[in-house]
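Structure record follows, encoded as structure tokens.
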Amino acid sequence: MQDFANSFSLAFELLWRFDPALGEIVFLSLRVTFAAVLIACAIGLPIGAALAILRFPGRGLFVVLFNTLMGLPPVVVGLLVYMLLSNAGPLGVLRLLYTPGAMIIAQSVLVTPIIVALTHQVLSDLNAEYADTFRSMVVPWHKAAVTLLWDARYALLTVVLAGFGRAIAEVGAVIIVGGNINHVTRVMTTAIALETSKGDLALALALGLVLLMIALAVNAAVMAVRASARRMAYA
Amino acid sequence: MPDPRVLPFPTSPGEARPAARLPLTIRGLGFVADGTRILDGIDLDLADNRLTVIMGPNGAGKSVLLKLLHGLLAPSAGRILWGGRELDRQTRQRQAMVFQKPVLFRRSVRANLQFAVNLKKSPEATELLSILMDDLHLNDLADRPARLLSGGEQQRLALARALLLAPDILFLDEPCANLDPASVLLIEETLHKARAGGTKVLLVTHDLHQARRLAEDVVFLHRGRLTEHSDADSYFDTPASPEARAYLAGQILL
Ligand SMILES: Nc1ncnc2c1ncn2[C@@H]1O[C@H](COP(=O)(O)OP(=O)(O)OP(=O)(O)O)[C@@H](O)[C@H]1O
Ligand SMILES: [Mg+2]
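Listed in order, the protein sequences are those of chains A and B.
Quick note, the first sequence lines up with residues 35 to 269 if you use our numbering.
Quick note, the second sequence lines up with residues 6 to 259 if you use our numbering.
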């Protein structure tokens, strides 16, 4: 019990001083996750929109596939990306293993199916509403896709947030391909795992609190934006 | 000096608007959904750019007929020819439709209209935009979200958006249901201007007074069949089919 309280006060002290080691880890986490979510959106939003609009044979198969990939176990993704990037792997020459680049790739692979599947869901609903109008006005499909993406932008914020949440909280994949190397690839989740196993609960707790605050801040911001959009009937 | 009674539709250089006068030929048109026959054996010739009103009781198949003519539904039987040509992407681009329930984009009024302008890509479309916004009293609403407009305002916006496409044929599905007399007048005046600008108008309405004011010819549908196609005068004075007579009598009693 003594330890418990002690850890908390130490954790708050670390946060209060804005400990540089802590700052470095937090900053790297955010950098990796932002990059991964950005890549996942660049790939996932157009694919999700295309799946919502285009009718082609085998479309249902793709939808099921992406819905399944949403639940990919992170360690499996970590393993696959590891095999790709290891010296013997097809992308070994890039020498990305145990760099933040490798972690970005792993997180992108995890997040892209989430963005695709949820974007498809959101845009299918809106497309059901717009489809006759698009057809009546003879809107080309890529223009229809842009229209859906734009008009559903507030709902899509939540989709992006879901991807962000999955990426920033993820341990299994980044620890395999990043290696949790101090000052190089140590991010919040891997640090928490390591510090906890070492018994340094203060740093682990401090990082945990930062993770919580980030999640809280992002969710609050998205909710505020969506609420004002709803008032304007744009959501 | 442009004639204020005519909508100055943009045309491609050297091109008049002959398509609006092309005959719309419908032969043996049928539509079946879930095993139910909704339209059956419709034969109809709509020549010239007259303003045609389609009437008939609820569920007669008027909306389905418009959607078939506009290529939103595929016929189960028969064919639709416009100037001897099947409906395709190109011919459909020269048509526009105002739906029974208008679907507006989740954007401002102006952005909804700008969408049509951007599709059309003609320099005159911008001029047409300002004329339509004036005619349909949309200027004060320009920055409002389209979804928060009243029913009448939404119909005015939907009509403006359709006319921005400078259609050769304009389909309207009960555009004035639930509208106050002033809005009805606004819409009817705009339809007259579009007609004067060369557009053929096909209008579904239950409003007999409106039909009398606008119709040059009337098509009457009953339970998925066409029972009558007459000039407006003869339709209202001496309806040929018993169904149309009953419908007119019922309406007058209301
Ligand atoms: N996609 C569809 N699938 C099945 N039935 C349909 C479909 N569309 C229309 N119907 C049916 O076809 C019939 C004709 O519908 P339609 O909407 O054309 O009627 P309407 O003449 O426009 O009536 P109203 O005056 O009430 O608008 C109705 O009985 C309707 O339930
Ligand atoms: Mg109808």
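Just so you know, even glycine gets a beta-carbon here, dropped at the ideal spot from N, CA and C.
Bear in mind that the values here come from a model prediction, so they are computed numbers and not experimental data.
One question on the structure: do residue i and residue j come within less than 7 Å of each other, judged by their Cβ atoms?
i	j	result
Asp45(B)	Arg26(B)	no
Ala165(B)	Leu109(B)	no
Met137(A)	Val208(A)	yes
Leu208(B)	Leu177(B)	yes
Gly33(B)	Ser81(B)	no
Leu152(A)	Leu182(A)	no
Gly61(B)	Ile43(B)	no
Gly78(A)	Thr146(A)	yes
Ala10(B)	Ala251(B)	A small fix is needed here, since residue 10(B) is Arg in this sequence, not Ala. No, Cβ-Cβ distance for Arg10(B) and Ala251(B) is not below 7 Å.
Ala201(A)	Val109(A)	no
Leu157(A)	Ala186(A)	yes
Asp85(A)	His154(A)	At residue 85(A) the sequence reads Leu, which differs from the Asp that was named. Closer than 7 Å, so yes.
Ile59(A)	Met247(A)	no
Val143(A)	Val111(A)	yes
Ala240(A)	Leu56(A)	yes
Gln105(B)	Glu179(B)	yes
Leu195(A)	Val256(A)	yes
Met104(A)	Ile148(A)	yes
Ala245(B)	Glu233(B)	yes
Ile31(B)	Leu49(B)	yes
Buried or exposed for residue i, please, with buried defined as at least 16 other CB atoms from any protein chain shown within 10 angstroms of its CB.
i	result
Gly92(A)	exposed
Val224(B)	buried
Gln95(B)	exposed
Leu258(B)	Confidence at Leu258(B) is low in this model, with a pLDDT of 45, below 50, so the placement of that residue should be treated as unreliable; the coordinate-derived value is given next. With fewer than 16 Cβ atoms within 10 Å of its Cβ, Leu258(B) is classed as exposed.
Pro18(B)	Confidence at Pro18(B) is low in this model, with a pLDDT of 48, below 50, so its placement is unreliable and the value that follows should be read with caution. Exposed.
Ser273(B)	Shown here, chain B extends from 6 to 259; a query on residue 273(B) therefore has no answer.
Asn117(B)	buried
Val140(B)	Reading off the sequence shown, one finds Asp at residue 140(B), where the question assumed Val. It is buried - the Cβ of Asp140(B) has at least 16 other Cβ atoms within 10 Å.
Val193(A)	buried
Arg111(B)	buried
Thr204(B)	buried
Lys72(B)	buried
Pro128(B)	exposed
Leu191(B)	buried
Could you confirm whether any beta carbon from chain A is found closer than 7 Å to the beta carbon of residue i?
i	result
Leu78(B)	no
Met138(B)	no
Met60(B)	no
Leu153(B)	yes
Pro150(B)	yes
Gln159(B)	no
Gln98(B)	yes
Phe14(B)	no
Per the DSSP calculation, residue i is bridged to which residue(s)?
i	result
Ser113(B)	Pro150(B)
Gly287(A)	Past the edges of chain A, shown from 35 to 269, lies residue 287(A), and the structure says nothing about it.
His234(B)	Val224(B)
Met102(B)	Phe176(B)
Asp50(B)	Thr30(B)
Glu193(B)	Per DSSP, none; premise fails for Glu193(B).
Glu91(B)	Leu86(B)
Thr57(B)	Leu207(B), Asp222(B)
Val37(B)	Arg42(B)
So is residue i in contact with chain B if we call contact Cβ pairs under 7 Å?
i	result
Ala179(A)	no
Ala267(A)	yes
Asp185(A)	yes
Ala39(A)	no
Determine which residues of the stretch 151-176 of chain A have a Cβ less than 7 Å from any Cβ of chain B, and write them out in chain order.
Glu163, Tyr164, Asp166, Thr167, Arg169, Ser170, Met171, Val172, Val173
Residues from the stretch 106-118 of chain B in contact with chain A, defined by Cβ distance under 8 Å:
Val108, Phe110, Arg111, Arg112
What are the residues in the stretch 79-95 of chain B lying within 7 Å of chain A by C-beta distance?
Arg94
Contacting positions in the stretch 170-201 of chain B - beta carbon closer than 8 Å to chain A:
Leu170
Please list, following the chain, all residues that have a C-beta closer than 5 Å to any non-hydrogen atom of ligand 3.
Ligands present in the displayed structure are limited to ligand 1 and ligand 2, and ligand 3 is not among them.
Name the residues in the stretch 25-57 of chain B whose C-beta lies less than 8 Å from a C-beta of chain A; which are they?
none
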